[in-house]
Amino acid sequence: MLLTSEDIASLSVATRNLSKGYDKGPLAVDSLDLSIRPGEVFGLLGPNGAGKTTTIRMLLGLLRPTCGQVFVHGEEITTGRQRVKSRLGVCPQETVLWPELTVSEHLYLIGRMYDVPGKTLRAETERLIGEFSLGEKRNQPTKRLSGGLRRRLNLAMALVHGPDVIMLDEPSAGLDPQSRALLWERVKQLTKDGRRTVVLTTHSMEEADRLSDRVGILDHGKMLVLDTPDVLKRSIGEGDVLEMELDRAPSSEAMEALRRHGRVEQQAATATTVSVRGLDIMQRFPGIVVALTSSGVVIRGTRLRPNTLEDVFLKMTGRSLRD
Amino acid sequence: MRFLPLSFAIAKRMRRDLFTLFFAILFPAFFLLIFAVAFGKTGPMKNQRLDLAVVNRDEGLRVNFGNGQDTLLLGVTLVDVLESLSYSTSSGWMRSDSSSSGLTGLDSLGLGARRPESPVFGVVDTLREADALKKVSSGDLDAVFVIPAGFTKAAMAMAMEDVMGRVFTGAMDGFRGEAREPEVTGRSSGEVAGPTGPWSGSSAGPGVLGRKPTVSEIQRMIDDVSRRLERRGKKTGLPLDSLSLPSRKADPVALSLAGDPSNLGFTMAGGIIRNVLDEFLKKVSQRSLEEAKDFLPAEPSAATADLISLENSSVAVETRTVFDYQVPGIIVFALLMLVSLVSVTLLLDLTQGHLERLKLTRMSSLDYFLGNTLPWMVLSILQLGLLFGVAKLLGYHNAGGMLAGVGLVLLGSLSSVSLALIVAALAKNEKQASAVATMIAVPLSFLSGAFFSVRDVVVSRDFFGHSLGLTDLSPWTHTTKALVGMLTFGKSLAEVRWNVMMQVGLTVLLLLVGIGLFSRRRLTAQR
Ligand SMILES: Nc1ncnc2c1ncn2[C@@H]1O[C@H](COP(=O)(O)OP(=O)(O)OP(=O)(O)O)[C@@H](O)[C@H]1O
Ligand SMILES: [Mg+2]
């Protein structure tokens, strides 16, 4: 897909043929074409070492691509980084804090580095400290903070200057469920008005599924698939599981008819519990019902276990561990 | 003003490592202590022989002694005096306030060479000045002393002017009738030209004019005095030329002493030779006066015009110990220690990700540089205060106040941070930075004259009117020199402006390289 310059200007983040090879080894990022629109939450998924952080660092202009280009709000990042710097907010994968500075000093430091005017900065600092529940520790040097609190501060620092393209590299790593819920809520709220853009990497499929408008699954630097979570779940993986409780064991003809709809499993012990597994199984639900009832079987109950993003992920990237 | 919060962050980090900081500040103070103990009282220069090449071009003066014509060679006598100077055993010469009390040898003026046990000068007689200068450049010699052709003539002219001045004053006094008249018709002096020297052994008593002269008598009297002197001169050995030539007609001569101003030996040689020369000329006058005593009033006249000057020894030698030279040096050494400290913090910024975190913000390279420099500048001022205070306690003779050094120290810390930027731009990690910085800073402290003056390799003899050595390419050399000038000798900023200008110029250069290199390698997108 070739992007015209108008496309590029209207996109928050765009890449063209973006590749990065480190000194040794194969390309860490291989010919990536991304088009992320304003108001979108883009989830970048991939096993360890897939190239997510490398991609984000190139999007930020921290890392020079081996080839290809990055555009943020239409500005080529290697030449126009200064112009878009203050529109970019970053939560790095590795928390970087100054151990001796307190929580509020961090927000102040980063705010001042973005030229946030004093008054606005004070208000924003207060708001973020409240929002991320850092108030109790606001005057503590960060070396005395727990890991999770450091992560929360790391997140708050990404937002202190009111950026409109926010890159979160594994923001939920190390967060407790409460904090994670807060993060999710905050991300949704950020993009609600359609102005801001969030690029998010995560190993939590649930998080990606819930937050992302689109997800891309990256492996060995290559984008394997890129679509909305729903489309991916409907089209990739083992599919949904429809579990049915029957009044009796179905006949072999009925089983044959079921097999046309998906992979059928019969629970050996009870024989009356049958499950059919296939992509987008609900589309076939009427056919399944007909196949069973025509052989006289009564369906006592059904349970649907839908395909998950995790299924999609594992299908795409395999089960072997990465180094 | 993005750099201020950055400075704050750095200052807070410095506090974390108080131990290192404490050590960094105190370390040079310990140096002071050691140096004060070692060099503070008499100095290591005590009994150090100063290597001096003498180019004696003195052509002398033909005089008529009672026993025939001869050539008076005061240049040779002066060289003899220099050769016979020795350090007295009781105290180093530098401690003595009077120029001659610590030195023996001046008393033996005119008595010829007597090889002393611990000579001040190792004198090499030569006529090849250029060769000798080369040896100064290579550090084999401390100084080259050139005695010009007209030395004896000028010395005698000075002495004679003294004599004539007194005769004339006496005549005028007689005219006014206020003082004892000078003796015009005096007796002749006793024996002349004894075996030890041309002027020794003469004695004369005072005479009386008898009556008040008229104006025309005065004129006649002067003529008469001249004639008599002339006649006497032929008889007693007073140089005729000098008598018939009023000193104003004699060309002033300049003795030159060339050497490396950063070499303490040269400075010492200058001070000693100046003192010796003063004493020497005084003695020459004294001897001449003794010869002409017949014509003189008792009161000495006003000072005579200086026909003989010693050039190139502009550095004052007062009551100074080597320690006094070293205090500014230690201050500069402390500044150079910053290179290691600063480059390590810069590297920590890099390896701990702070720099990358800051790179995401709008921070510019200048912000980063200023933010990093400010705390160290403050620290170096504190350190200056500490070192100055400690030095005072240890007996530092400073003519200038500590505040005179503030600007120079700020400038010096800027040079050090610039160098630290260069190190941090090239080093891979803190360990490497620390090692490299130390390897650069320690030799640099030596080269910059922090511990003792260095014999320099001359790069250019005329660089905007100044001689430029290899060590002059280090801004810290100029910090040392300017600090010695301002703190130790109380010179004004204008007097050390050359060093300050060089320091500013070199610092700006270093700064540009530092910021340029650091931005290119550390503040752009990583490759
Ligand atoms: N500085 C580097 N030098 C050399 N190779 C690197 C460097 N940084 C990353 N890599 C390599 O690039 C590839 C992608 O790394 P990257 O950090 O982008 O992965 P990731 O998707 O963020 O992984 P994770 O989920 O573990 O954070 C990996 O093979 C990694 O080894
Ligand atoms: Mg990563």
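Residue numbers (our numbering), protein chains in the order written: chain A, 3 to 325; chain B, 203 to 729. Virtual Cβ for every residue (Gly too), placed ideally from N, Cα, C. From a predicted model like this one, the values you see are computed outputs, not experimental measurements.
Proximity of chain A to L548 (chain B) at the Cβ level (cut-off 9 Å) is not reached, the minimal Cβ distance being about 15 Å. The segment 36 to 55 of chain A makes contact with the segment 219 to 226 of chain A, as at least three CB pairs between them are under 8 Å. A Cβ-Cβ distance of about 16 Å is found for the pair L714 (chain B) and A626 (chain B), leaving them out of contact under the 8 Å criterion. For P577 (chain B), the three-state secondary structure derived from DSSP is helix. Taken from the Cβ of Q585 (chain B), every heavy atom of ligand 2 lies 7 Å or farther away. Taking 7 Å as the cut-off, the C-beta of D171 (chain A) counts as close to a heavy atom of ligand 2. Here T193 (chain A) is buried. Its C-beta has 16 or more other C-beta atoms within 10 Å.
Approximately 33 Å separates the beta-carbon atoms of T328 (chain B) and G531 (chain B); this is outside 8 Å, ruling out the contact. Taking 8 Å as the threshold, the shortest C-beta distance from L560 (chain B) to chain A falls below it.
Taking 7 Å as the Cβ-Cβ cut-off, the segment 56 to 75 of chain A approaches chain B at L62, G63, L64, L65 and R66, given in chain order.
The segment 516 to 574 of chain B contains, as complete alpha helix (DSSP H) runs of 4+ residues, the segments 524 to 553 and 556 to 561 (chain order). With respect to the 8 Å criterion, M169 (chain A) and I38 (chain A) are not classified as neighbours on the basis of their beta carbons. DSSP places Q268 (chain A) in the uninterrupted beta strand (DSSP E) bounded by R265 to Q268. Contact between V74 (chain A) and V200 (chain A) is absent: CB atoms are separated by about 13 Å, not below the 8 Å threshold.
Chain-ordered listing is empty here: chain B has no CB closer than 7 Å to the CB of V233 (chain A), the nearest sitting near 33 Å. Per DSSP, N19 (chain A) is not a residue of any alpha helix (DSSP H); the beta strand (DSSP E) it occupies stretches across V15 to G23. Distances from the CB of T204 (chain A) to the heavy atoms of ligand 1 are all 7 Å or more. Residue nearest to V278 (chain B) within the set B:F205, B:F482 and B:L675 is B:F482 (criterion: CA-CA distance).
Contact annotation for P173 (chain A) against chain B: no contact, minimum CB-CB distance about 15 Å [criterion: below 7 Å]. Less than 8 Å separates the beta-carbon of L276 (chain B) from that of D260 (chain B).
The three-state reading of DSSP puts G51 (chain A) in coil, since its state is none of H, G, I, E or B. Taking 8 Å as the CB threshold, H556 (chain B) lines the interface with chain A. Neighbourhood of P463 (chain B) in chain A, by CB distance below 8 Å: empty, with the nearest CB roughly 47 Å away.
Taken in chain order, the members of the segment 77 to 93 of chain A whose beta-carbon sits within less than 9 Å of a beta-carbon on chain B are I79, T80, R83, Q84, K87, S88, L90, G91 and V92.
Using a Cβ-Cβ distance cut-off of 8 Å, the segment 85 to 97 of chain A and the segment 134 to 142 of chain A are not in contact, since fewer than three pairs of beta carbons, one from each stretch, lie closer than that value.
The C-beta of L111 (chain A) comes closer than 8 Å to at least one C-beta of chain B. In the structure shown, the three-state DSSP call for R212 (chain A) is helix. D117 (chain A) has a beta carbon lying within less than 8 Å of a beta carbon in chain B.
Secondary structure within the segment 253 to 292 of chain A: the beta strand (DSSP E) runs of 3 or more consecutive residues, fully enclosed, are 265 to 268 and 275 to 280 (chain order). Boundaries of the alpha helix (DSSP H) around V239 (chain B): L220 to F241.
Taking C-alpha positions only, A255 (chain B) is separated from V346 (chain B) by approximately 5 Å. In terms of CA proximity to I349 (chain B), B:D282 leads the group B:P321, B:D282 and B:G341. Taking C-beta separations shorter than 7 Å and ignoring five residues to either side along the sequence, the partners of G53 (chain A) in its chain run A30, V31, L220 and G223, following chain order.
In the DSSP assignment, S669 (chain B) falls within the unbroken beta strand (DSSP E) covering H668 to G671. Under a criterion of Cβ atoms nearer than 9 Å, the residues of chain B adjacent to E96 (chain A) are, in order, G555.
Residue pairing by DSSP places D171 (chain A) opposite A:T203 in a beta bridge.
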